[in-house]
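This report refers to the structure that appears directly beneath it.
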Amino acid sequence: MKLLKLLTGSGFAICLVLMVTWPWTIGKIPPKGSPKAEYRAFQTRTKIVIGGITVAFFASAIGSALIMRKAKDEFRQLSSENLRLLIEGATEDIRKKHESKSDEPSA
-9 MKLLKLLTGS
1 GFAICLVLMV
11 TWPWTIGKIP
21 PKGSPKAEYR
31 AFQTRTKIVI
41 GGITVAFFAS
51 AIGSALIMRK
61 AKDEFRQLSS
71 ENLRLLIEGA
81 TEDIRKKHES
91 KSDEPSA
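Using this note's numbering, read the sequence shown as starting at -9 and increasing by one per residue.
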């Protein structure tokens, strides 16, 4: 669970960093009349940054969904355990009440 939380948080942090730093990562658009190699390099950098943002965002979303599912399962298990303890306690109280009434002398 800790690893999942770490990976989810890291993915989200990477996504935020990429979104903030994309102008410096990609660089300026090549001026008109530049060689096609410069345009291709710019397109490649753009695809990598946008792809990285997308992958990091979806990885964070999937990690968050898995964390929520795990927390929901733990809550459900804890809730059913608490209900079982409540029922056992109530049953024990009722049994003690009936035992104490049977011990009292009838008038």
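Just so you know, even glycine gets a beta-carbon here, dropped at the ideal spot from N, CA and C.
Practice task
Check whether the Cβ atoms of Cys5 and Ile43 lie closer than 8 Å to each other.
Solution key: yes
Exercise for the section: Would you grab the beta carbon distance between Tyr29 and Pro20 for me? Rounded to a whole angstrom, and I think it's under 8 Å. Expected result: 6 Å
Problem - Distance between beta carbons of Phe32 and Ile16, contact taken as under 8 Å - result: 7 Å
Exercise for the section: Run the proximity test for Ile77: is its beta-carbon closer than 7 Å to any non-hydrogen atom belonging to the ligand MG? Expected result: Absence of the ligand MG is noted for the structure shown, with no ligands found whatsoever.
Practice task
Measure the CB-CB distance between Gly1 and Ala49 and report whether it falls below 8 Å.
Solution key: yes
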